[in-house]
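A quick write-up on the structure given underneath.
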Amino acid sequence: MSPTVVAGDEPRLLFIGQDLDAIRGYLASGCCPAPDGLTAYLSLYNLRSKADGFGGLGLNERGEPVDLEHSWGAGPVNAHRTATAFGPKHLAVGLDLTEAARSGGIDAVLAGTYDAEIDHLGHLFAEVPGQVFLRIGYEFDGAWNAGYEDADRFRRVFRYIVDRLRSGAHAEDVQFVWQASASPLDDILDGEHEDIRAWYPGDDYVDWLAFSWFLHPDEQPATGAKPPTARQLAQEVLALAETSGKPVMVAEAAPQGYDLRRLTRRFTGPLWDGTAGDGERMLSEEEIWHAWYAPLFRFLHEHRRTIRALAYINCHWDAQPMWGPPYQAGYWGDSRLETNRELARRFSEAVADWRAGN
């Protein structure tokens with residue numbers, strides 16, 4: 015098993031992402047704390063395909079850097095550039111295995127069809143100056159991620175990829191991350207509450223546990239549905255982490271539905287509060303802070319011994335085809351901290367307190 019990079023009273027890590035434009039905007043502004051790491055996303059199936067932008071890897075089939083910033087409609091991605099061009103030493107990678115565009119993909123991975131692609135990841139790992147936090151099949155419990163619904167198969171493919179990487183070079187600096195969505199929307203879509211432990215590949219294969227954080231932790235949908243809250247779902251991940259003795263990462267966090275530049279909030283989607291993008295309300299910085307940021311940092315404080323990393327998505331969602339109008343994936347807004355001086359100041363103070371263990 016890979017050595018755990020933080021535990022106990024070791025430093026808490028801040029990551030910023032999730033695309034190159036988001037990273038550049040955050041770093042160039044100087045608005046906020048210097049991150050310890052950055053985030054990038056990869057498609058395993060396309061890592062050696064030039065026609066598919068090398069899956070966002072930023073390296074060609076020979077492992078050489080390429081001047082290509084690939085996009086799936088959610089901002090430019092080049093994981094090699096993210097890891098080497100900006101200064102922060104750690105890299106958090108979301109490794110996509112979904113089958114929406116690759117029917118039978120997971121079975122093909124298990125059959126060895128993509129062994130070369132898994133091995134190819136080692137070229138990227140060799141260039142990362144710090145640790146790689148590899149989130150294999152991130153948000154495995156999300157109903158929107160086709161192919162992960164078979165929990166047994168997910169456990170097997172997670173283990174297969176870990177075993178394959180450990181058998182090669184550069185795996186000593188890789189932290190294997192098991193990330194739940196911890197989203198009430200998943201339970202609404204499924205019509206039931208699932209036991210995430212069914213997807214857990216085992217302590218020998220997991221270095222970190224993780225979850226996403228987009229809603230107020232105690233918010234309930236306006237539709238009348240009564241799923242477990244985001245807090246309750248996150249606590250399920252924390253309970254498993256504490257039993258397993260593993261650290262936890264909030265691997266994706268952003269104030270969904272808020273526009274920090276325009277100081278507004280809109281409906282995120284019909285399953286939650288209304289038609290996506292409708293219902294615009296003007297808010298103050300104070301109201302936005304207390305509606306989303308303050309609950310997040312309180313939660314981090316309450317679980318400061320276990321939650322050791324936070325990955326904030328500093329993104330202009332509304333400008334990206336995947337997330338912008340007509341909002342087929344819901345309304346997300348604009349979470350760029352550099353667009354609002356007051357929220358950036360508060361975020362900076364809150365991160366400093368969290369890093370200090372306060």
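Remember, the numbering used here sits 14 above the position in the sequence shown when you count from 1. Backbone N, C-alpha and C define an ideal beta-carbon position, used for all residues, glycine too.
Residue span of the alpha helix (DSSP H) that contains residue i, given as start and end
| i | result |
| --- | --- |
| ASP289 | Checking the sequence shown, residue 289 turns out to be Thr, not Asp. It is not in any alpha helix (DSSP H) - THR289 carries neither H nor E in the DSSP assignment. |
| ALA373 | Residue 373 cannot be examined here, being either before or after the span of the chain that is shown, 15 to 372. |
| TYR40 | 34-43 |
| TRP213 | Premise fails: TRP213 is in no alpha helix (DSSP H) and is neither H nor E. |
| LEU223 | Not the alpha helix (DSSP H): LEU223 falls in the beta strand (DSSP E), residues 222-227. |
Same chain, Cβ closer than 8 Å to residue i, five either side skipped, listed in chain order
| i | result |
| --- | --- |
| LEU285 | LEU199, ILE202, LEU203, PRO235, THR237 and ALA239 |
| ASP187 | SER16, PHE139, VAL142, GLY144, GLN145 and VAL146 |
| PHE281 | GLY271, ASP287, GLY288, THR289, ALA290, GLY291, ASP292, GLY293 and TYR345 |
| ALA36 | ILE30, GLY89, ILE327, ASN328, CYS329, HIS330 and ARG350 |
| TYR341 | GLY283, ALA290 and GLY291 |
Distance CB(residue i)-CB(residue j) smaller than 9 Å
| i | j | result |
| --- | --- | --- |
| GLY293 | PRO339 | no |
| ASP33 | CYS329 | yes |
| THR278 | GLY347 | yes |
| HIS104 | ASN92 | no |
| ASP219 | ARG173 | According to the sequence displayed, residue 219 carries Tyr and not Asp. Contact flag set, yes. |
| LEU369 | LEU52 | Note that residue 369 corresponds to Arg in the displayed sequence, not to Leu. Cβ distance not < 9 Å, so ARG369 and LEU52 don't count as in contact. |
| ARG38 | ARG318 | no |
| ALA194 | LEU223 | yes |
| PRO56 | LEU109 | The displayed chain sequence assigns Leu, not Pro, to residue 56. Contact flag set, yes. |
| ARG180 | GLY216 | no |
| GLY310 | VAL264 | Note that residue 310 is Leu in the sequence shown, not Gly. Cβ atoms of LEU310 and VAL264: closer than 9 Å. |
Residue i beta carbon near the ligand HEM (any heavy atom closer than 8 Å)
| i | result |
| --- | --- |
| GLU363 | Among the components modelled here there is no ligand, and therefore nothing to report on the ligand HEM. |
6 Å Cβ shell around residue i - same chain, five flanking residues per side excluded
| i | result |
| --- | --- |
| ALA366 | none |
| TYR59 | ARG116 and GLY119 |
Backbone secondary structure at residue i - three-state DSSP
| i | result |
| --- | --- |
| GLU266 | strand |
| GLN334 | coil |
| SER57 | strand |
| TRP346 | coil |
| SER63 | coil |
| HIS304 | helix |
| HIS207 | coil |
| GLY51 | strand |
| GLN234 | coil |
| TYR326 | strand |
| VAL19 | Confidence in VAL19 is poor, its pLDDT being 39 and thus under 50, which makes the residue's placement unreliable; the coordinate value appears in the next sentence. In this structure, VAL19 counts as coil in the three-state DSSP scheme. |
Beta-carbon proximity list for residue i, same chain, < 7 Å, skipping 5 on both sides
| i | result |
| --- | --- |
| ARG360 | TRP303 and TYR307 |
| ARG355 | none |
| GLU256 | THR320 |
Endpoints, beta strand (DSSP E) assigned at residue i
| i | result |
| --- | --- |
| ASP110 | 104-110 |
| PHE29 | 27-31 |
### Message
In chain order, what are the residue ranges of uninterrupted alpha helix (DSSP H) at least 4 long that sit wholly in the stretch 86-170?
### Response
93-98, 119-124 and 129-141
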